[in-house]
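Quick note on numbering: the sequence shown equals residues 1153 to 1398 in the numbering used here.
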Amino acid sequence: MKISTLLALSVIAAVGCGISKDKYAAKELEASEAQKKLQDESGKAAALEAKVTDLEGKLAAAQQEKTKLSEEKGKLEAKSTQYEQLAQSLQGQISAGQIEISELKGKMTVKLKDKILFSSGSAAIGKDGKQALDAVADAFKDLKGKTVVVGGYTDDVPIGKKGGYQDNWDLSTARATSVVRYLQSKGVDPRMLGVAGYSEYRPLVANDSVEGRSQNRRIEISLTAADYTPPQVEVEKAQGEAKESN
């Protein structure tokens, strides 16, 4: 009787231990799967967060670029006081197609066809040219901190020895110089002024027609920010010395 009881108890204990191990293994597997799932979800969350961060960065960069483009657009569209004044002063000549003005990125350009300024092969400014340049001088004479470069351009037709000029280099430079001298005589600060002769080598259009050559014969007056600051003390000293010598 005692032996039978012991055997029964042993069987029950063995069965009990077997069930407990199976449950543990199942729970362990369940816990492992839950851990793996949690890691997967954490990885997905981290990837999603990184993607969101990247998108936010791209959005911020796009917004900055949009703001920059808007500012640049505003600058391009905005016209300076000198531009508005000059456009008003030259309204008649602009309407007649004798003069064109433009302003881009802070650079204003006044383009005058040579026929309003000069006779063929000449660097002497005519009456109509002086009237146009008077308006330009009125707009420029009170400027500060600017550079005004007058450029002379010709077509590709050789000038020969007409007017005493050796070639188109001479003619383009002489015409630009005449304009600069006239602007100075009308009160534009000569320290802002500069001269450039480009001859026939910077055409606007092909020189294969009368109209094309006419467009290429021109004077361009460019107004930009100053690239030179006059040394006032030295200038005043030099002027004083010049007076003393006289």
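Ideal placement from N, C-alpha and C gives every residue a C-beta, glycine not left out. Computed from a prediction, not measured in an experiment: that's the story for all the values here.
| Query | Result |
| --- | --- |
| Tell me, to the nearest whole angstrom, how far the beta carbon of Leu1269 is from that of Ile1371; I am working on the premise that it is less than 8 Å. | 6 Å |
| Please report how far the alpha carbon of Gly1297 lies from the alpha carbon of Gly1339, in whole angstroms. | 15 Å |
| If you follow the beta strand (DSSP E) that Ala1377 is part of, which residue opens it and which one closes it? | 1370–1377 |
| Could you name the residues that DSSP lists as bridge partners for Leu1285? | Looking at the DSSP assignment, Leu1285 forms no beta bridge with any residue, so it has no partner. |
| Could you check what DSSP says for Ser1254 in three-state terms: helix, strand or coil? | strand |
| Pull up the DSSP beta-bridge partners for Ala1214, would you. | According to DSSP, which records beta bridges pairwise, Ala1214 is partnered with nothing at all. |
| Given this structure, state the Cα-to-Cα distance separating Thr1325 from Tyr1317, to the nearest angstrom. | 10 Å |
| Kindly indicate which three-state DSSP category Ala1348 falls into: helix, strand or coil? | strand |
| Between the alpha carbons of Leu1375 and Met1344, how many angstroms are there, rounded? | 9 Å |
| Helix, strand or coil: which one does DSSP assign to Gly1312? | coil |
| According to the Cβ coordinates, are Ala1348 and Gly1304 closer than 9 Å? | yes |
| Mind reading off the beta-carbon distance from Glu1252 to Lys1263? Whole number of angstroms is fine, and I expect it under 8 Å. | 4 Å |
| What is the DSSP secondary structure of Leu1158, reduced to helix, strand or coil? | In this prediction, Leu1158 scores a pLDDT of 48, lower than 50, which makes its location untrustworthy; the coordinate-derived value is nonetheless stated afterwards. Residue state, collapsed to three classes: helix. |
| Give me whichever residues DSSP pairs with Tyr1305 in a beta bridge. | Arg1370 |
| Can you name, in chain order, every residue of its own chain whose Cβ lies under 7 Å from the Cβ of Ser1351, other than the five neighbours on each side? | Thr1306, Asn1320, Trp1321, Ser1324 |
| Taking Thr1299 as the reference, give the member of Ala1178, Gly1346, Ser1172, Lys1218 with the closest Cα. | Gly1346 |
| For the alpha helix (DSSP H) that Val1331 lies in, which residues bound it at each end? | 1320–1337 |
| From Leu1335 to Gln1216, what does the alpha carbon distance come to, in whole angstroms? | 43 Å |
| What would DSSP say about Val1300, mapped onto helix, strand or coil? | strand |
| Buried or exposed, going by whether 16 or more other CB atoms sit within 10 Å of the CB of Val1387? | Because the pLDDT of Val1387 is 49, which lies under 50, any placement of that residue in the model is unreliable, and the question is left without a value. |
| Name the residue from Val1301, Asn1359, Pro1355 whose alpha carbon lies nearest to the alpha carbon of Ala1377. | Val1301 |
| In this structure, does DSSP put Lys1231 in helix, strand or coil? | coil |
| Report the rounded CA-to-CA distance for Glu1208 versus Asp1192, giving the unit in angstroms. | 24 Å |
| Taking Cβ to Cβ, would you say Ala1275 is nearer than 9 Å to Ser1337? | no |
| For chain D, find out if any of its Cβ atoms is closer than 9 Å to the Cβ of Asp1319; answer yes or no. | Reference to chain D is not applicable here, since this structure consists of a single protein chain. |
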